[in-house]
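Protein chains in written order, with our numbering: chain A, 1 to 346; chain B, 1 to 346; chain C, 1 to 346; chain D, 1 to 346. We put the CB at the ideal spot given by N, CA and C, even for glycine. Input: a single structure, listed below in structure tokens.
4 protein chains.
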Amino acid sequence: MDFRSDNTAGFAPEMLAALAAANDGARTPYGEDAQSRRVQTHLCELFETDLAAFFVATGTAANVLGLSLLAAPWGVIYCHEEAHIALDECGAPAFYTGGAQLHPLPGAHGRLSAARLAELLPDGLGVVHHAQPAAISLSQATEAVTCYRAADISAIAQVAHTHGLRVHVDGARFANALAFLDASPADLSWRAGVDVLSFGASKNGALAAEAVIVFDPALAASLGYRRKRGGHLFSKMRVLSAQLEAYLADGLWLRLARHANTMAQRLAAGLAAISEVRLVHPVEANEVFVQLPERLIGQLLADGFKFYRWLDDRSTTIRLVTTFDTRETDVAGLVEAVRRHAGTAT
Amino acid sequence: MDFRSDNTAGFAPEMLAALAAANDGARTPYGEDAQSRRVQTHLCELFETDLAAFFVATGTAANVLGLSLLAAPWGVIYCHEEAHIALDECGAPAFYTGGAQLHPLPGAHGRLSAARLAELLPDGLGVVHHAQPAAISLSQATEAVTCYRAADISAIAQVAHTHGLRVHVDGARFANALAFLDASPADLSWRAGVDVLSFGASKNGALAAEAVIVFDPALAASLGYRRKRGGHLFSKMRVLSAQLEAYLADGLWLRLARHANTMAQRLAAGLAAISEVRLVHPVEANEVFVQLPERLIGQLLADGFKFYRWLDDRSTTIRLVTTFDTRETDVAGLVEAVRRHAGTAT
Amino acid sequence: MDFRSDNTAGFAPEMLAALAAANDGARTPYGEDAQSRRVQTHLCELFETDLAAFFVATGTAANVLGLSLLAAPWGVIYCHEEAHIALDECGAPAFYTGGAQLHPLPGAHGRLSAARLAELLPDGLGVVHHAQPAAISLSQATEAVTCYRAADISAIAQVAHTHGLRVHVDGARFANALAFLDASPADLSWRAGVDVLSFGASKNGALAAEAVIVFDPALAASLGYRRKRGGHLFSKMRVLSAQLEAYLADGLWLRLARHANTMAQRLAAGLAAISEVRLVHPVEANEVFVQLPERLIGQLLADGFKFYRWLDDRSTTIRLVTTFDTRETDVAGLVEAVRRHAGTAT
Amino acid sequence: MDFRSDNTAGFAPEMLAALAAANDGARTPYGEDAQSRRVQTHLCELFETDLAAFFVATGTAANVLGLSLLAAPWGVIYCHEEAHIALDECGAPAFYTGGAQLHPLPGAHGRLSAARLAELLPDGLGVVHHAQPAAISLSQATEAVTCYRAADISAIAQVAHTHGLRVHVDGARFANALAFLDASPADLSWRAGVDVLSFGASKNGALAAEAVIVFDPALAASLGYRRKRGGHLFSKMRVLSAQLEAYLADGLWLRLARHANTMAQRLAAGLAAISEVRLVHPVEANEVFVQLPERLIGQLLADGFKFYRWLDDRSTTIRLVTTFDTRETDVAGLVEAVRRHAGTAT
């Protein structure tokens, strides 16, 4: 049983069906087909606003194309010190912005605090010696599996906008956050002050599909060029559009996310009842972080369970990720194993 | 009937079947799965050499990641003036190389000439005032639908290597060239002096799949980082690997390319027999360039045929692209229509 | 006697005196001193308009910082095929713009033609596959030593502005052009539609001093950051300001340029009278291009005269550059030598 | 009296004399003159090794050109959190490296610790998701006015080299460190494992002159292109070479640095004797950091003394910088003023 990542999972069957259905003969390439336009319209309806959406295949591409609209080459992007853009994108934000630098910040349970940002922000604005504060990037859900409430985002966005910065959200797990908070897409994005959102599907059942959503279409004027010269403009755009159409149809995306979240809740509940296990973060999406004795970790690995230590190879905190296709028996099996091994220690 | 591009076509059914088969539960992401490794091995066998292959989803990504290995930011890349990298990638080569500039050159029927390159090359090498000659990029097949023979490539590669330059091949239509020349992959690549090849599948039946093939693995040492920070590392790499495995299995790729080539040959033969039609280039792959009277172009468009004028909107040269799924009746229909309209003029 | 370049010359004595005078104790660094502000004011008066000026030490820095305001990373900059930015800046324009590409164009006597630009320009505007036309860069005086009249510039600027492009002037020899045309700085710049000017002094008696002049100060908003992160912000800005103040004081700059021009005129007149010599370009600034028999070139080199063949090592066209400190006897000596050697051939 | 920076000072008279002497007629430009070569030779002798030196005009240019040799675009450069490259170069390191990111670290009195680096370093090496550790940059003297001993540098360099990283030294105040430690240039650089050194003169009496010194000449192969395309290649190179020749002649550089250091020592000694004053860092170069009551700071400013609060506008720690031309009476005047005001409080 594999709890390593939502990237180890396969694809929701609806995705494959949608690709098969999209194999319907010649179409205008590069996104000028009817299906690609329908997805654009669907996103506008879903977010209750006019917006510009650009489809890409990877989360990194979505994040850094979005950030490239917000930060000049001499800009600074504030983010959590465990953010995917800070740790796991091999410098892609600097590449796509032409040199902007990240300013990683600590924050409990993966969240940035508006107060801390307010403290940092005025310094250096307008002084040519210093790189210039340009954007704040939040992860929703966060890398610690927590979610920003609409009010949290608003508070941060107000600090940002007051100082001329923009707000980016890495929504690789946006569906999971939405499902957990039971909020509307609009309330968790532009209404709270978000300027650009990476709207992820790849971690939630798609093969490889993401959308960069820009809530002020004027801000997106250069994005077509940026996507093309990044090599991210698909000729057969239907490959991405078909996935996204299926993803949004009949609320599939939220059903998939809700399932993953539910599995995480059960896993957390099961593990929390075991004395040797300590829950590290509140469980608000599809991951569970627990601290275990080293002995127990070794036993689980020997049993064949797969998961990562967090954040380094010597850590006794492990991350357990549930996905759209995690089965209740997988969860029960893991809980049972931990319970059994914990028992052996006494 | 649509002769606009090999990008307007859908997908070979084998591709969808392969994706369905790849949906087989949890796998290690980012290319560390068995299928991704099998494709690597298959490519080594096919090219009869050790090589490093990196899978990406778009031809632009493949081209510019490959070029980024060959040209420093102050480098010059020589290419044909109609090359895709020169005209249709929105500056992506400069982006990925960190600033290298293209030096577009004329050349009959889309081909560069070794003699012309030999004339240009020694100048400025080692002089800090000048951008430094770094690479030659060929398209195989060319944008004019012609193919470089192995001897053509060798001659160019010799000029290149003599002056310390590397050779890149944009093989978006490598399969079509191979099918036309009936040559081995090795003979048309590393044995002729090619250093890096964009091995394309997207234009030949895949959904979106390409491989950057580097014949000297040592040269590829940085490519993993480059692909990741370009946002081109797929988490669910099986999406690309499954396509490529199906593409190579049982010679599917060559069958598809041969079909497209055959359709182009028939189209060319049919059109060439019509007095008002002039073939612009020898037909050696899956495109036919013909010059027609403006009247005739208008009549075909009115009939509903789709194609592009080449290279500008006022041109009376049109490009007709055939694909893996072009039907004989499509070809016959177009030839018949041209014949009919040509007849009306007399 | 050295006719290789205006870069081989030393410094006008006024420059050294100005530096000595500027050594007057502590000053606020980075351009916030009174002298730096005075030069800004002087430039505004000279150009009869409000403007933003940024001082740097090299012509390349001035050119590419200016261009970085005009072209996005996916932009195209049109220039003459012999332009300094095209041939002699080792890719610096791509570096500072983040990837913009040059589109070199032919043009008689070093000049671009408005008609040719008008023909090229509409193509591809707004199409994401293509790099986007962004700017036209003129050299004044040109690399062929000719000058654009105000009407020439206006015609080009009108084409540029009609299509949303900006106009840059590499004015490394702006003083020479002004002196030759006897025009006002305003008439040869913003009144004719120039957006950004590299205002050069280094080739005309300064040690190392240039100004990037931006005629719409709003356009210059990012230039302070760009100069700093390019490493071109001098801490002891008085080093540059003192030179520029002396340069502009009492018309020194025009006196120096006029002298260099006069020397070129005499040289041209002297050489043109010799039968074996062919003037290649009209002489409108401080250079003379002549074609000579190879024999004669060899004889002059043997005599110890120094000059460059243009543009390559096998050319029999040589470039003779006069400077602020070229002496009449230098000119006479060269003319005399050519006459003598030309005589020997008969 | 101005204690703001070594940048507020003027020039040592020897510099102006050297420039006047260099105004000796035509010379081959771009560093191919005899004086430029002499300085190269002098630096080799001084550092007791073969080395490659590239002259530039600003400290930022020296730092980032040097770093561009050491870090790939996906590289990480470790530095102290108060390093000039981290705080005061507006993102120039990312610009010149093509995207490398800084990893600022804390460290007592401005110094990095080898132990802390050893702890951080192995993580992520070779993993494509992560930016790759590439270089460690030290400031000598540090921004806190302390100096690394040769053994400190060796320890850090050993950690660096063990993990495949290179060592860069920002030597804007290298002369001051050398003067304080009474060490040889070689012992404080390549013998201790330094790969690239920014050898500064601008803060120590020059107008604007620095050298990027690369101890392994092979490593410097691309530096000529990098300097040129950065716009930092002076045509009249003698402008820089004359300054550097005078700087090194007869130990002028060490005399100037020693004077500045001595003034700092006297200032520190005088201030430390005053009860309300707290020395913040050991004084090892030409700066003194002291903490004072806010009242006292206000009184000194009212007296007309000039200095900066460190590092922000609300701080009661002030930085007092002495320079090559600080007079004993300036120091005495400041000490006396502090003593007088301190007295009034009691």
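If residue i and residue j are in contact, beta carbons under 8 angstroms, what's the gap, nearest whole angstrom?
{"i": "A18 (chain B)", "j": "D325 (chain B)", "result": "A18 (chain B) to D325 (chain B), Cβ: 17 angstroms. No contact."}
{"i": "K236 (chain D)", "j": "A208 (chain C)", "result": "6 angstroms"}
{"i": "V169 (chain A)", "j": "A160 (chain A)", "result": "Their Cβ separation, rounded to whole angstroms, is 12 angstroms, which puts V169 (chain A) and A160 (chain A) out of contact at 8 angstroms."}
{"i": "Y30 (chain C)", "j": "S68 (chain C)", "result": "Going by Cβ atoms, the distance from Y30 (chain C) to S68 (chain C) rounds to 20 angstroms, so no, they are not a contact pair."}
{"i": "R238 (chain A)", "j": "R27 (chain A)", "result": "6 angstroms"}
{"i": "C356 (chain A)", "j": "K228 (chain B)", "result": "Limits of chain A in this structure are 1 at one end and 346 at the other, which puts residue 356 (chain A) out of reach."}
Put residue i into one of helix, strand or coil per three-state DSSP.
{"i": "H129 (chain B)", "result": "coil"}
{"i": "T146 (chain C)", "result": "coil"}
{"i": "S68 (chain C)", "result": "helix"}
{"i": "P217 (chain B)", "result": "helix"}
{"i": "T346 (chain C)", "result": "Below a pLDDT of 50, predicted positions are generally treated as unreliable, and T346 (chain C), at 47, falls in that range; the measurement from the model is reported next regardless. Coil, per DSSP."}
{"i": "I347 (chain D)", "result": "It is not possible to answer for residue 347 (chain D), since the shown part of chain D is limited to 1 through 346."}
{"i": "H348 (chain D)", "result": "Nothing in the structure corresponds to residue 348 (chain D), since chain D is present only between 1 and 346."}
{"i": "F3 (chain A)", "result": "coil"}
{"i": "V159 (chain D)", "result": "helix"}
{"i": "A52 (chain C)", "result": "strand"}
{"i": "E210 (chain D)", "result": "strand"}
Is there a Cβ of chain B sitting closer than 8 angstroms to that of residue i, yes or no?
{"i": "A72 (chain D)", "result": "yes"}
{"i": "F307 (chain C)", "result": "no"}
{"i": "V194 (chain D)", "result": "no"}
{"i": "L120 (chain C)", "result": "no"}
{"i": "H130 (chain C)", "result": "yes"}
{"i": "D312 (chain C)", "result": "yes"}
{"i": "A86 (chain A)", "result": "no"}
Counting only Cβ pairs nearer than 7 angstroms, list the residues of chain E close to residue i.
{"i": "V64 (chain D)", "result": "No chain E appears in this structure, whose protein chains are A, B, C and D."}
Chain A beta carbons: is any one of them nearer than 8 angstroms to that of residue i?
{"i": "C90 (chain B)", "result": "yes"}
{"i": "N286 (chain B)", "result": "no"}
{"i": "D6 (chain D)", "result": "no"}
{"i": "L152 (chain D)", "result": "What sits at residue 152 (chain D) in the sequence shown is Asp, not Leu. With 8 angstroms as the cut-off, D152 (chain D) does not count as an interface residue toward chain A."}
Report whether the distance from the Cβ of residue i to the nearest heavy atom of the ligand FAD is below 7 angstroms.
{"i": "S189 (chain A)", "result": "Questions concerning the ligand FAD fall outside what the structure shown contains, since it holds no ligand whatsoever."}
Any Cβ of chain C within less than 8 angstroms of the Cβ of residue i?
{"i": "G98 (chain A)", "result": "yes"}
{"i": "S68 (chain D)", "result": "no"}
{"i": "L43 (chain B)", "result": "no"}
{"i": "D303 (chain D)", "result": "no"}
{"i": "T346 (chain B)", "result": "Low per-residue confidence applies at T346 (chain B): pLDDT is 46, beneath 50, and the placement is therefore not dependable enough to give any value."}
{"i": "G347 (chain D)", "result": "Residue coverage of chain D in this structure runs from 1 to 346, which leaves residue 347 (chain D) outside it and unanswerable."}
Would a check of beta-carbon distances place residue i closer than 8 angstroms to chain D?
{"i": "V239 (chain C)", "result": "yes"}
With a cut-off of 8 angstroms, do at least 3 Cβ pairs link the region 188-204 of chain D to the region 59-68 of chain D? Segments in contact, yes.
Using a Cβ-Cβ cutoff of 7 angstroms, what residues of the region 12-34 of chain A are near chain B? List them in chain order. L16, L19, A20, N23, D24, G25, A26, R27, T28 and P29
Using a Cβ-Cβ cut-off of less than 7 angstroms, list which residues of the region 48-59 of chain C approach chain D; keep chain order. A57 and T58
Would you call the region 98-116 of chain C and the region 144-153 of chain C touching, i.e. three or more CB-CB distances under 8 angstroms? yes
Is it true that the region 277-297 of chain D meets the region 308-319 of chain D, where meeting means three or more beta-carbon pairs spaced less than 8 angstroms apart? Judged by Cβ distances under 8 angstroms, the region 277-297 of chain D makes contact with the region 308-319 of chain D, as three or more pairs qualify.
Taking a Cβ distance cut-off of 8 angstroms, strictly less, list which residues of the region 209-236 of chain B are near chain D, in chain order. S222, G224, Y225, R226, R227, K228, R229 and L233
Check whether the region 172-189 of chain B and the region 221-228 of chain B are in contact - that is, three or more C-beta pairs closer than 8 angstroms. no
Contact residues within the region 169-182 of chain C, judged by C-beta distance below 9 angstroms to chain B: none
Pull out every residue of the region 98-118 of chain A whose Cβ sits closer than 9 angstroms to any Cβ of chain D, in chain order. G98, G99, A100, Q101 and L102
Is the number of C-beta pairs between the region 262-276 of chain A and the region 79-95 of chain D that are closer than 8 angstroms three or more? Output reads no: the region 79-95 of chain D does not touch the region 262-276 of chain A.
Indicate whether the contact test is met: 3 or more Cβ pairs, each with one atom in the region 135-150 of chain C and one in the region 239-253 of chain C, closer than 8 angstroms. no
Any residues in the region 196-207 of chain A with a beta carbon nearer than 9 angstroms to a beta carbon of chain B? Which ones, in chain order? Taking 9 angstroms as the Cβ-Cβ cut-off against chain B, the residues of the region 196-207 of chain A that qualify are S202, K203, A206 and L207.
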